[in-house]
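Engineer:
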Amino acid sequence: MNADGIPYSASFDDIYHSPDGGLGQAQSVFMAGNGLPERWQQCDVFTIVETGFGQGLNFLATWQAWRADPLRGKRLHFVSVELHPFTPADLATLHAGYPQVAELAAQLRAQWPLLTPGFHRLSFDDGTVTLTLLFGSADAMLPELDVRADAIYLDGFSPAKNPDLWSPFVFRQLWRLSHAHTTLATYSVAGDVRRGLTEAGFAVEKLKGFGTKWAMLRGRLARIPRSQPVYAGEHAAIVIGAGLAGCAAAERLAARGWQISVLEAADGLATGSSGNHAGLMHVYCSRDDNLLARLSRAGAAATLQSLARLPVEAAPFHAADGVLQLAKDAAQAGQMAALAAESNWPPELVRFLDADAASLHLGQPVAHGGWWFATGAWINPRNACQGWLNAHGDRISARYGAEVTVLQQTAAGIWQARDAQGMLLAQAPVVILANAAAARQLVQAADLPVWDGWRVATRIADSAALPVHSLAGRAYVTAAYQGERIIGASDFSGDLQAAEASNIAALRAVLPQVENTALQVLSSRACKRPTTPDRLPLVGALPQPWHSGYPACHQPWQIPRQAGLYASLGFGARGLTWAVLAGELLASQLNGEPCPIERKLIDAIDPARFLLRALRRGEPYQVAAFGMASDDME
Numbered sequence: 001m002n003a004d005g006i007p008y009s010a011s012f013d014d015i016y017h018s019p020d021g022g023l024g025q026a027q028s029v030f031m032a033g034n035g036l037p038e039r040w041q042q043c044d045v046f047t048i049v050e051t052g053f054g055q056g057l058n059f060l061a062t063w064q065a066w067r068a069d070p071l072r073g074k075r076l077h078f079v080s081v082e083l084h085p086f087t088p089a090d091l092a093t094l095h096a097g098y099p100q101v102a103e104l105a106a107q108l109r110a111q112w113p114l115l116t117p118g119f120h121r122l123s124f125d126d127g128t129v130t131l132t133l134l135f136g137s138a139d140a141m142l143p144e145l146d147v148r149a150d151a152i153y154l155d156g157f158s159p160a161k162n163p164d165l166w167s168p169f170v171f172r173q174l175w176r177l178s179h180a181h182t183t184l185a186t187y188s189v190a191g192d193v194r195r196g197l198t199e200a201g202f203a204v205e206k207l208k209g210f211g212t213k214w215a216m217l218r219g220r221l222a223r224i225p226r227s228q229p230v231y232a233g234e235h236a237a238i239v240i241g242a243g244l245a246g247c248a249a250a251e252r253l254a255a256r257g258w259q260i261s262v263l264e265a266a267d268g269l270a271t272g273s274s275g276n277h278a279g280l281m282h283v284y285c286s287r288d289d290n291l292l293a294r295l296s297r298a299g300a301a302a303t304l305q306s307l308a309r310l311p312v313e314a315a316p317f318h319a320a321d322g323v324l325q326l327a328k329d330a331a332q333a334g335q336m337a338a339l340a341a342e343s344n345w346p347p348e349l350v351r352f353l354d355a356d357a358a359s360l361h362l363g364q365p366v367a368h369g370g371w372w373f374a375t376g377a378w379i380n381p382r383n384a385c386q387g388w389l390n391a392h393g394d395r396i397s398a399r400y401g402a403e404v405t406v407l408q409q410t411a412a413g414i415w416q417a418r419d420a421q422g423m424l425l426a427q428a429p430v431v432i433l434a435n436a437a438a439a440r441q442l443v444q445a446a447d448l449p450v451w452d453g454w455r456v457a458t459r460i461a462d463s464a465a466l467p468v469h470s471l472a473g474r475a476y477v478t479a480a481y482q483g484e485r486i487i488g489a490s491d492f493s494g495d496l497q498a499a500e501a502s503n504i505a506a507l508r509a510v511l512p513q514v515e516n517t518a519l520q521v522l523s524s525r526a527c528k529r530p531t532t533p534d535r536l537p538l539v540g541a542l543p544q545p546w547h548s549g550y551p552a553c554h555q556p557w558q559i560p561r562q563a564g565l566y567a568s569l570g571f572g573a574r575g576l577t578w579a580v581l582a583g584e585l586l587a588s589q590l591n592g593e594p595c596p597i598e599r600k601l602i603d604a605i606d607p608a609r610f611l612l613r614a615l616r617r618g619e620p621y622q623v624a625a626f627g628m629a630s631d632d633m634e
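Counting from 1, one number per residue, gives the positions in the sequence shown under full-length UniProt numbering.
1. Tell me, which residues are paired with Lys206 by DSSP?
2. Look at Pro607 and Leu538 and say whether their C-beta atoms are less than 9 angstroms apart.
3. Thinking Ala457 and Ala489 are a contact (beta carbons under 8 angstroms), I'd like their distance in whole angstroms, please.
4. Residue range of the beta strand (DSSP E) that Gly139 falls in?
5. Please tell me whether Gly583 and Ser568 are closer than 9 angstroms, where the distance is taken between their beta carbons.
6. Among the candidates Asp139, Leu83, Gln416 and Phe46, whose CA atom is the shortest distance from the CA of His181?
7. Give the DSSP bridge partners of Gly387, in chain order.
8. Where do the ends of the beta strand (DSSP E) carrying Cys285 lie?
9. Under the rule that 16 or more other beta-carbon atoms within 10 Å means buried, what is His318, buried or exposed?
10. Output the distance between the C-alpha atoms of Asp139 and Phe202, rounded to the nearest integer angstrom.
11. Who are the Cβ neighbours of Leu174 in its own chain at under 6 angstroms, not counting the five residues just before and after it?
12. What residue ranges within the stretch 325-409 form continuous beta strand (DSSP E) runs of no fewer than 3 residues, ordered along the chain?
13. How is the beta strand (DSSP E) around Phe78 delimited, first residue to last?
14. Less than 6 angstroms between C-beta atoms, sequence neighbours within five positions excluded: which residues of the same chain meet that for Asp495?
15. Taking 8 angstroms as the cut-off, does the stretch 231-238 touch the stretch 391-400 (at least 3 CB pairs, one atom from each stretch)?
16. What would DSSP say about Lys600, mapped onto helix, strand or coil?
17. In the DSSP output, what is Ala501 paired with across the bridge?
18. Quick one: using the 10 Å Cβ neighbour count with 16 as the cut-off for buried, is Val170 buried or exposed?
19. Closest to Gln107 by CA distance: which of Leu115, His95 and Gly118 is it?
20. Output the distance between the C-alpha atoms of Gly217 and Glu82, rounded to the nearest integer angstrom.
21. Going by DSSP in three states, Trp454 sits in which element: helix, strand or coil?
22. How many Å lie between Arg351 and Leu324 at the Cα?
23. Under a three-way DSSP split, which group does Leu472 fall into?
24. Skipping 5 residues on each side, what residues in its chain have a beta carbon closer than 7 angstroms to that of Arg508?
25. I need the straight-line Cα distance from Ala320 to Lys161, nearest angstrom please.
26. Can the beta-carbon of Arg418 be found less than 9 angstroms from the beta-carbon of Thr405?
27. If you run the structure through DSSP and keep just helix, strand and coil, what is Asn2?
28. Would you call the stretch 572-583 in contact with the stretch 297-304, where contact means no fewer than 3 C-beta pairs closer than 8 angstroms?
29. Whose C-beta lies closer than 6 angstroms to the C-beta of Arg121 among residues of the same chain, with five residues either side of it excluded?
30. Just confirm the distance between the C-beta atoms of Leu362 and His469, as a whole number of angstroms; I'd bet it's less than 8 angstroms.
31. May I ask which residues mark the beginning and end of the beta strand (DSSP E) holding Cys527?
32. Does Arg616 pass the burial test, meaning 16 or more other C-beta atoms within 10 Å, or should it be called exposed?
33. Between which residues of its own chain and Ala604 is the CB-CB distance below 7 angstroms, once the five residues before and five after are set aside?
34. Less than 9 angstroms between the beta carbons of Arg529 and Ala573, yes or no?
35. Just to confirm the assignment, what range does the alpha helix (DSSP H) spanning Gln544 have?
36. Go ahead and label Gly618 buried or exposed: buried means 16 or more other beta carbons lie within 10 angstroms of its beta carbon, across all protein chains shown.
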């Protein structure tokens with residue numbers, strides 16, 4: 001704080017908002033300058049993009065006005081970039097000066113994400129208000145953003161103090177994210193700002209400023225950027241598959257008012273890869289913060305948020321009470337300790353525990369330490385699936401014993417799903433394939449490189465000899481749920497008894513106290529893990545099948561797609577981590593909303609990525625080249 005009690009940044013030698021009041025500036029400059037609230041009354045979904053989140057006053061003032069407006073639309077999206085995010089404790093101190101928005105500020109702090117780079121999506125007011133925070137510099141984050149902004153709040157420290165936020169590159173990115181009716185407002189009338197916005201494609205004008213500031217800027221587009229078409233058809237979809245992927249996708253679309261028909265070949269939900277009694281979820285960590293690490297963080301956060309939105313059960317079926325990933329030997333423990341020390345990960349995300357601390361956490365001695373994921377979770381997949389299907393009343397209908405063997409598209413663009421006898425099971429303009437490797441039995445998805453790897457999970461009775469928390473590493477064991485645990489997961493080559501014995505031996509190898517304890521084995525099941533060549537899922541619009549006359553393509557947006565056909569497949573062992581995030585991404589794409597993850601991550605899981613690589617090399621695309629394993633083992 002400065003001497004006047006205004007939040008102040010020593011790094012930029014500037015205050016966070018007008019000395020005449022932060023909320024007043026938000027209302028008079030950014031909202032009124034963008035014609036709000038009147039403009040959002042004309043839209044079902046309204047999207048605001050902001051540069052410089054700071055303490056969040058612009059968001060809080062906008063959210064407050066949205067809540068108070070009986071003529072508002074259905075959904076508000078607020079997307080904001082912030083290079084130096086505050087901690088929750090700092091936010092609490094800053095928000096104490098604004099009792100007008102105390103309740104909303106408390107909700108914001110309660111969901112405040114870990115301070116890790118990238119996109120963070122928060123949901124408020126039953127999903128009608130969505131905040132997507134982009135932690136990083138504007139010149140790094142804005143190119144990763146896919147959105148059609150209706151209004152732009154050009155905020156941040158003054159151009160003289162923080163020129164990077166007001167650069168020609170940032171202005172061009174904001175223009176790229178705009179459409180014909182986008183507006184812009186900012187407190188700054190600096191000449192470089194006016195010229196930069198004009199050169200980027202905006203037409204700007206001066207208006208009376210707020211408080212003691214004599215002027216502000218308002219802008220509209222002078223040139224319209226090229227943009228990808230947005231789906232504008234009926235809000236109805238078929239989801240094929242009632243496991244984690246399908247149920248999560250159905251819930252995310254139904255939350256936006258879609259009517260969903262779920263078709264499942266088996267006689268119930270979560271019978272395949274999603275059918276274990278319990279599963280584990282924790283983030284992945286890497287030295288270079290690679291694609292897998294970033295996707296796992298976004299996915300784990302999305303799953304925990306989704307589960308928190310479900311009704312509280314009398315007997316909880318999930319708990320984020322921590323997972324310990326044990327090192328396999330002393331050398332790996334040393335590597336894990338060094339990586340945790342040098343990577344500056346938030347301790348709430350992961351921290352290294354030595355053998356003594358790990359033993360204390362588990363309630364029994366272990367030879368080596370490992371990574372403690374404080375928000376790691378165990379989850380019963382079947383209850384999660386059922387909760388998602390029940391979340392939106394009759395917007396979701398599920399039909400079991402309904403195996404789709406044929407997809408046909410009518411001249412009007414409607415997809416029809418039929419069984420082996422030709423019976424029509426459902427029809428809709430959109431289909432989401434969420435049936436793992438079985439999707440390849442449909443001609444439209446035959447070229448997708450996804451196949452089943454087989455693993456065995458063993459169900460055992462709980463025992464005092466087992467650790468207090470869930471354990472991962474060379475072997476995994478879940479925390480107790482309904483008096484039972486799951487251990488695993490050995491490879492399966494056809495001998496279930498041998499795989500079961502391997503699971504027990506692996507557990508005893510890492511937990512000496514269990515070595516001489518008789519474990520009560522209840523059952524074992526072989527389950528498929530649908531996987532891909534790069535171990536990342538397939539999420540997004542399906543490409544047109546390759547043929548010898550395929551057009552030259554170098555970017556994902558150039559790939560011709562099968563209209564209305566999408567995939568959510570290939571999660572491997574990370575279905576609990578990625579299913580909700582995949583569903584949120586598909587729902588965002590279909591509704592023309594801001595995407596929940598960076599463009600680089602969207603491209604990394606694009607179902608067309610393997611085809612695109614072949615096209616870039618000028619080679620024919622052959623799915624057989626990936627050497628996929630047989631899917632025939634039963």
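Every residue gets a Cβ at the ideal spot worked out from N, C-alpha and C, and that includes glycine.
Structural biologist: Straight from the coordinates:
1. Leu217.
2. Inclusion of Pro607 and Leu538 in the CB contact set at 9 angstroms is warranted, their separation being smaller than that value.
3. Right, the Cβ-Cβ distance comes to about 5 angstroms (below 8 angstroms), so this counts as a contact.
4. Reading the sequence as shown, one finds Asp at residue 139 and not Gly. First-last for Asp139: Ala138 to Met141, but that is the alpha helix (DSSP H), not the beta strand (DSSP E).
5. A distance below 9 angstroms separates the beta carbons of Gly583 and Ser568.
6. Checked all of Asp139, Leu83, Gln416 and Phe46; the closest Cα to His181 is Phe46.
7. Beta-bridge annotation (DSSP): Gly387 is not paired with any residue.
8. Per DSSP, Cys285 belongs to no beta strand (DSSP E) and is neither H nor E.
9. Buried: at least 16 other Cβ atoms inside 10 Å.
10. In this structure, the CA atom of Asp139 is about 18 angstroms from the CA atom of Phe202.
11. Here Leu174 has Ile152 as same chain residues with Cβ atoms under 6 angstroms from its own Cβ, once five neighbours each way along the sequence are excluded.
12. Scanning the stretch 325-409 from its first residue to its last, the whole beta strand (DSSP E) runs of 3-plus residues come out as 351-353, 370-373, 377-379, 396-400 and 406-409.
13. Here the beta strand (DSSP E) through Phe78 covers Arg75 to Glu82.
14. Excluding residues within five positions, none has a Cβ falling inside 6 angstroms.
15. Proximity of the stretch 391-400 to the stretch 231-238 falls short of the contact definition, fewer than three beta-carbon pairs being nearer than 8 angstroms.
16. Three-state DSSP puts Lys600 in a helix.
17. None; Ala501 has no bridge partner.
18. Buried: at least 16 other Cβ atoms inside 10 Å.
19. If you compare the alpha carbons of Leu115, His95 and Gly118 with that of Gln107, the shortest gap goes to His95.
20. A small correction: the amino acid at residue 217 is Leu; Gly does not occupy that position in the sequence shown. Straight across, the Cα-Cα distance linking Leu217 with Glu82 is about 22 angstroms.
21. DSSP places Trp454 within a strand segment (E or B) once states are collapsed to three.
22. Near 10 angstroms, if we compare the C-alpha coordinates of Leu324 and Arg351.
23. Note that residue 472 corresponds to Ala in the displayed sequence, not to Leu. Correct three-state label for Ala472: strand.
24. Val514 and Glu515.
25. Each residue's Cα considered, the two are about 42 angstroms apart.
26. In this structure, Thr405 lies closer than 9 angstroms to Arg418 by Cβ.
27. Since pLDDT at Asn2 reaches only 47, below the 50 mark, its modelled position is unreliable, and the value read off the structure follows with that caveat. Coil at Asn2, not helix or strand.
28. Touching, yes.
29. Result list for Arg121: Thr132 and Pro596, in chain order.
30. Taking C-beta atoms under 8 angstroms as the contact rule, Leu362 and His469 qualify, at a distance of about 6 angstroms.
31. In the DSSP annotation of this structure, the continuous segment of the beta strand (DSSP E) that includes Cys527 starts and ends at Val521 to Thr531.
32. Exposed.
33. Once the five neighbours on either side are set aside, the close Cβ partners of Ala604 are Leu291 and Leu536.
34. Cβ atoms of Arg529 and Ala573: closer than 9 angstroms.
35. From DSSP, Gln544 is part of no alpha helix (DSSP H); its letter is neither H nor E.
36. Exposed, by the Cβ-count rule.
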